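Just below is one structure, and these are the notes that go with it.
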Amino acid sequence: MSVFEAPFSIDTTLARAQRSSIGSVITARNISVVHDEVGVKRVNHVPNGIYERSLPSLHFLRWRPMYHMLAANAWMNGPCAPGYDPATGLYHVSFQWNPRRNVYGKIAWGTMVWGKASSKDLVSWTVSGTPSLQAGEWYDKEGCFSGCMYPAAADGSRGLTVFYTGASRLPLHFSLPDVCQSETLNIAHSWDGGVTWVKDEANPILLETPAGLTVTGWRDPMVAPWPSLDMALGRPVGEGNLYGLLAGGIKGRGPTAFLYAIDKSNMTQWRFICDLVELGLNHNISRWSGNMGINWKCANFATLVDSEDNVRRELVIVSAEGSAPAKQGISSIQRPQQHAHFPRAERSQQWMCGTINIVRRADGTPVPKLQYTMGGRFDHGTAYGFHSFSDPKSSRTIVFGQISEEDLSQKLVDRQNWSGLISLPREVKIQTMKRIKAALVSSLSDITSIEAQPETGNQGTYTVRTLSIIPAKNVEALRQSTREISIPGSRSLRNPSAYDDSCVLDVQTCRFELYSVFGVSNACERIGLSILHTQDRDPSSSTTISLLTAEETLYVGRPDLRNVDPDISTMPETAPFTLFESANGSRERLEIRAWFDESVLEVFVNERCAISTRVYPATKRCWGIRFWAEDKAGSSTLVDARAWDGLRADIRVMN
């Protein structure tokens with residue numbers, strides 16, 4: 001067993017520690033590190049030695065997730081190169097990683113390398129304790145940034161290929177002038193199922209940004225077939241044509257994705273087609289869609305099909321920068337650990353759907369453009385840097401993102417000796433609702449995260465479509481060997497100030513899945529649930545997930561943690577959200593699903609709204625989940641409530 005693999009007796013160990021004092025300061029026996037703003041005093045510190053390679057301490061384990069995939073230690077950035085290898089039957093996810101503390105002894109961003117993880121089911125993971133792709137060549141000496149995987153060798157033969165951005169010069173930021181060859185496109189190969197990677201001798205395969213364009217960014221390749229683009233360009237469909245996207249922006253014009261055609265028999269050959277999207281700077285048509293920013297990272301594409309109506313929509317998921325004024329000259333990827341600022345507005349994780357149209361340039365050349373039809377926030381919390389792949393086993397589009405540690409201060413991150421993790425795998429598809437008449441408050445035409453198509457023969461009703469974001473079905477495997485609990489029957493909900501034991505779900509650990517369904521009456525002002533983190537069930541010490549009906553807003557309130565550490569940020573997360581009313585006058589039920597994992601909370605509402613956040617409880621247990629409603633008529637109900645308590649995945653670290 002690796003020294004980083006959590007022992008099976010961890011719960012007992014932590015429970016024993018809690019009885020003595022979970023909040024006391026515990027230092028590693030052989031190490032002492034003192035931080036200040038000027039320098040660092042280190043005792044018995046050996047680079048890559050015991051501090052990085054020590055047995056788990058209580059601080060290391062205190063808030064460390066048990067079923068989310070994460071690096072062995074230290075600073076973890078976003079996922080990259082997710083995919084499936086048909087030769088081995090394994091899924092792969094790599095991740096940007098700085099496995100060492102910096103020169104000041106801090107857990108922080110540094111020269112990025114790639115770590116890697118593999119899985120048979122997207123739930124249990126084997127994580128490498130050493131980097132799989134190292135920085136060091138002239139073109140990536142400052143870091144191996146994000147990229148993608150393609151399940152073939154570069155010449156089309158058997159093997160695996162990754163494409164990645166190499167950084168040769170820092171700082172990099174959309175507000176700074178572009179410096180030639182500071183970002184380059186590179187390729188690496190594996191012939192042993194992703195265990196080792198060899199950089200191509202032809203690297204960099206793209207040295208410079210498209211001619212004639214002044215860019216704000218040009219990075220994070222995505223490579224895949226795109227049959228819809230084949231059809232738009234008049235190319236044969238089904239012959240495996242490959243396309244590449246590089247995310248970025250054009251100075252003064254706005255964010256975009258740079259589109260390339262790739263020679264499938266020699267994937268080092270890329271031909272620039274055009275910039276695919278033209279939205280302008282800070283495209284922000286309503287609160288429902290959010291701000292598309294000034295520059296993009298991690299642009300991913302997929303074609304979604306509504307199987308019932310055969311409706312197709314092209315999806316692009318992007319990590320937007322510049323959604324609010326950025327700090328001039330400072331790269332978001334270079335900042336040390338910082339306290340979060342609310343709202344989380346400088347960056348945002350966005351999605352947009354549309355259709356591909358052919359337009360003509362001034363010189364008459366036809367080029368494809370993605371026409372925006374609807375869009376929104378892909379995650380309304382802290383998750384960012386999502387990457388997708390098409391799963392050939394299930395024919396689903398699967399997405400992974402990064403959930404950061406930005407709500408902790410630097411001192412707390414240094415103490416726990418790790419930062420960041422990967423989200424649960426998510427599936428994206430089209431959600432279709434028919435015979436819809438209205439929303440809670442807003443007119444359907446004002447909700448820009450949906451398409452509302454008038455129905456023929458049904459006056460005043462619409463077919464509503466939007467993006468569905470749900471945990472992948474694979475996640476249900478976590479329910480094995482858990483304690484399943486439920487509240488039987490439908491229950492009337494009382495005001496949160498009137499305690500009602502009949503509407504409390506007896507969840508006892510900080511590792512659970514929750515499924516709940518509510519009936520929301522016309523008189524309801526606020527409805528939701530509270531995760532109780534303390535034995536006295538103090539509301540101020542609970543996490544609340546609720547819908548404010550008049551404001552059409554989802555609200556995730558986090559507990560007051562001043563008694564744990566005043567440096568932990570606990571500002572609430574919010575998201576625009578509404579319920580729809582059908583032609584017969586019935587209102588859509590509110591469905592809240594949540595996954596809590598020690599300090600990570602992922603919330604999914606009605607399969608179309610996702611919020612990820614961090615909650616750092618004072619103890620390793622929970623004292624139940626309470627359901628309530630602020631309803632003057634007392635007619636809102638809890639229709640269904642179930643939980644699987646004690647989730648755990650087999651996540652092993654191997655060198």
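Here UniProt numbering is used: the first residue of the sequence shown is 1, the next is one more, and so on. We put the beta carbon where it would ideally sit given N, CA and C, even for glycine. Values in this document were obtained by computation on a predicted structure and should not be read as measured data.
Take the Cβ of residue i as the centre, count every other Cβ of all protein chains shown within 10 Å, and call the residue buried at 16 or more, exposed below.
i, result
"VAL179", "exposed"
"TRP138", "exposed"
"ARG558", "buried"
"LEU206", "buried"
"GLN416", "buried"
"TYR499", "exposed"
"LYS570", "For the sequence presented, residue 570 should be read as Thr rather than Lys. Buried: at least 16 other Cβ atoms inside 10 Å."
"ALA550", "exposed"
"ASP120", "It is Lys, not Asp, that sits at residue 120 in the sequence shown. So LYS120 counts as exposed."
"ASN655", "exposed"
"MET231", "exposed"
"GLY364", "exposed"
"ARG271", "exposed"
"SER542", "buried"
"GLU314", "buried"
"THR456", "exposed"
"ASN522", "exposed"
"ASP536", "exposed"
"ASP650", "exposed"
"SER586", "exposed"
"SER265", "exposed"
Assuming contact is defined by CB atoms lying nearer than 8 Å, are residue i and residue j in contact in what I supplied?
i, j, result
"PRO496", "PRO454", "no"
"residue 691", "GLY238", "This structure cannot settle anything about residue 691, because the visible part of the chain is limited to 1 through 655."
"ILE592", "SER492", "no"
"VAL556", "ILE625", "no"
"ALA583", "ASN458", "yes"
"ASN291", "SER319", "no"
"THR432", "ARG465", "yes"
"GLY166", "PRO221", "no"
"GLY254", "GLY217", "no"
"THR289", "SER394", "First, the residue type needs correcting, since residue 289 is Ser and not Thr in the sequence shown. Not closer than 8 Å, so no."
"GLY193", "ALA81", "no"
"THR268", "ALA153", "no"
"LEU213", "ILE250", "yes"
"ARG511", "ASP597", "yes"
"ASN98", "ALA117", "no"
"SER468", "ILE422", "no"
"ALA575", "LEU514", "no"
"GLY420", "MET149", "no"
"ARG526", "LEU547", "yes"
"THR613", "GLY381", "yes"
"PHE174", "ILE294", "yes"
Taking the alpha-carbon of residue i as reference, which of the options has the nearest alpha-carbon?
i, options, result
"SER94", "GLY110, LYS106, LEU70 and THR88", "LEU70"
"THR578", "GLN535, GLY364, GLU588 and ASP650", "GLU588"
"TYR616", "ILE531, CYS298 and ALA649", "ILE531"
"GLN134", "ASP192, TYR164 and ALA153", "TYR164"
"GLY489", "GLY519, LYS473, LEU467 and VAL507", "GLY519"
"GLN349", "SER390, LEU370, VAL399 and ARG360", "VAL399"
"LYS297", "GLY381, ARG642, LEU281 and HIS387", "HIS387"
"PHE168", "GLY136, TRP197 and TRP191", "Reading off the sequence shown, one finds Ser at residue 168, where the question assumed Phe. When only C-alpha atoms are compared, the closest one is GLY136."
"THR256", "PRO227, GLN371, PRO236 and GLN181", "GLN371"
"ILE159", "GLY420, LEU529, PHE272 and GLY83", "According to the sequence as given, residue 159 is Gly; it is not Ile. When each option's Cα is compared against that of GLY159, the closest is GLY83."
"CYS144", "GLY115, SER124, THR126 and VAL123", "GLY115"
"GLU346", "LYS411, LEU315 and TYR384", "TYR384"
"LEU246", "SER146, GLU405, GLY78 and LYS411", "SER146"
"TRP351", "GLU552, THR373 and LYS369", "THR373"
"GLY375", "LEU176, ARG608, VAL123 and THR534", "ARG608"
"LEU57", "TRP418, LEU590 and TRP226", "One detail in the question is off: residue 57 reads as Ser in this sequence, not Leu. Nearest option by C-alpha distance: TRP418."
"VAL316", "VAL123, TRP226, ARG360 and THR126", "TRP226"
When the cut-off is 8 Å and only beta carbons count, does residue i lie next to chain D?
i, result
"ALA610", "Considering every chain present, this structure includes no chain D. It has just one protein chain."
**Prompt:** If you scan the region 531-577 from start to end, which runs of the beta strand (DSSP E) of 3 or more residues do you find wholly inside it?
**Reply:** 542-548, 553-557 and 573-576
**Request:** Report yes or no: do the region 437-457 and the region 471-481 share at least 3 C-beta pairs separated by less than 8 Å?
**Result:** no
**Item:** 4 or more residues per run - each alpha helix (DSSP H) lying fully within the region 196-281
**Value:** 227-233
**Three CB pairs or more closer than 8 Å across the region 102-111 and the region 123-131** = no
**Message:** My parser needs the alpha helix (DSSP H) runs of 4 or more residues fully inside the region 375-426; what are they?
**Reply:** 410-416
**Message:** Quick check on the DSSP output: what are the complete beta strand (DSSP E) runs of length 3 or more inside the region 586-638, in order along the chain?
**Reply:** 590-597, 600-605, 609-614 and 625-631
**Message:** Within 8 Å, do at least three Cβ pairs link the region 300-317 to the region 184-200?
**Reply:** no
**Request:** Output the residue ranges of the beta strand (DSSP E) runs that lie fully inside the region 436-501 and measure 3 residues or longer, sorted by chain position.
**Result:** 451-454, 462-471 and 483-486
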